[in-house]
Amino acid sequence: MRHICGISGGKDSSALAIYMRKKISDMEYFFCDTGAELPETYAYLAKLEVVLGKPITRLNSTRGFDHYFEVFRGTLPSPQMRWCTTLLKIKPLEEWIGNEDVVSYVAIRADENNRKGYISTKPNIKTEFPFIDNEIDHAGVIRILEDSGLNLPDYYKWRTRSGCYFCFFQRKSEWVGLADTHPDLFKRAVAIEQKILKDAGAGRDASFKSSAMKSGNYTWSQGETLLQLLERKDEIMARHKENLKRAKMKRKNLPLVDVLSDALDEEEESASCTLCHV
């Protein structure tokens, strides 16, 4: 029986890895690497390996994002079509597991009863939730990270979750944060989006482009292109600051990561990927 613990590069899965290291000596740690992760994520994984005292296996899709971007030409990954999760994360994971009997430990906390993580339907994969079973909540996760000396990833200064730099679940303010923190990555995301819009709009009128942006299949951030979003930078950040202020007043003495999570912009939803953001 193999024991595996997936790490997304976020606080919860990292805390679970640390929590389980002395409970199961032969635990295998893995990270599904799309090749499009934030630099902060890779740096955090390197620090986590030191704490764990063993390597984290990188699972790479045999064909990366660029390949599947060509296959799915005409549409970006989106909440309605999460081919990035299926092909770049779940598929390589299940291929790595094969037909061996496995217990997979998932980092859903005791205070997240309504949250779902990746649960395989394959009969050889059993899923367990140590944080739920042992009543470890958000405060417990933070305590584990602080006691280990690992603390939080640096991207939490401007972003609420781990995941690809172009993740379509990013909030408007987080896209602005990407543009400010990693302008080169923002430019790459713009280039992908512009290529899709150009190909999809070839020979079509302006009304098609407008409806395409609203559909969410042709732009990373629903309702507008990234270039249009950046033109609204001051407006977006002013609204974001107001939401941060309200979140702080509502729940005092919160760390920054919790304030960011609570400060959900009115125009956005609080969805997340099933495998990326734990």
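Quick note on the working numbering: the sequence shown kicks off at 3 and runs consecutively.
Heads up, the beta-carbon is just placed ideally off N, CA and C, and yes, glycines get one too.
If I follow the unbroken beta strand (DSSP E) through residue i, where does it start and stop?
i: Tyr107; result: Val104 to Tyr107
i: Gly8; result: Arg4 to Gly8
Which whole-angstrom value describes the C-beta separation of residue i and residue j, a residue pair presumed to lie in contact below a C-beta threshold of 8 Å?
i: Ile238; j: Lys174; result: 5 Å
i: Tyr167; j: Leu40; result: 5 Å
i: Arg111; j: Phe133; result: 5 Å
i: Thr227; j: Leu187; result: That pair is no contact at about 16 Å.
i: Leu90; j: Phe67; result: 6 Å
Can you tell me whether residue i is buried or exposed? The criterion is at least 16 other CB atoms within 10 Å of its CB, across all chains shown.
i: Ile6; result: buried
i: Val281; result: The structure shown does not extend to residue 281, since the chain spans only 3 to 280, so no value can be given for it.
i: Ala240; result: exposed
i: Ser272; result: With a pLDDT of 46 at Ser272, under the threshold of 50, the predicted position of this residue should be treated as unreliable, though the coordinate-derived value follows. It counts as exposed.
i: Ala265; result: Residue confidence is low: Ala265 scores 48 on pLDDT, short of 50, so the model does not pin down where it sits. No coordinate-derived value is stated.
i: Tyr44; result: exposed
i: Asp14; result: buried
i: Leu262; result: Low per-residue confidence applies at Leu262: pLDDT is 49, beneath 50, and the placement is therefore not dependable, though the value from the model is reported in the following sentence. Buried is the call here.
i: Pro185; result: exposed
Smallest Cα separation from residue i: which of the options?
i: Phe171; options: Gly55, Glu42, Arg60 and Pro79; result: Pro79
i: Ala181; options: Gly142, Leu229 and Leu61; result: Leu229
i: Glu130; options: Lys247, Leu246 and Met22; result: Met22
i: Asp139; options: Asn126, Asp149, Arg163 and Asp113; result: Asp113
i: Ile194; options: Ile146, Arg75 and Ser106; result: Arg75
i: Leu61; options: Arg145, Asp201 and Phe33; result: Phe33
i: Ile146; options: Glu176, Val178, Lys159 and Ala109; result: Ala109
Beta-carbon separation of residue i and residue j under 8 Å?
i: Glu96; j: Lys124; result: yes
i: Val53; j: Ser164; result: no
i: Ser106; j: Gly11; result: no
i: Pro155; j: Glu233; result: no
Between which two residues does the alpha helix (DSSP H) harbouring residue i extend?
i: Leu47; result: Pro41 to Leu54
i: Leu147; result: His140 to Ser150
i: Glu233; result: Leu228 to Glu233
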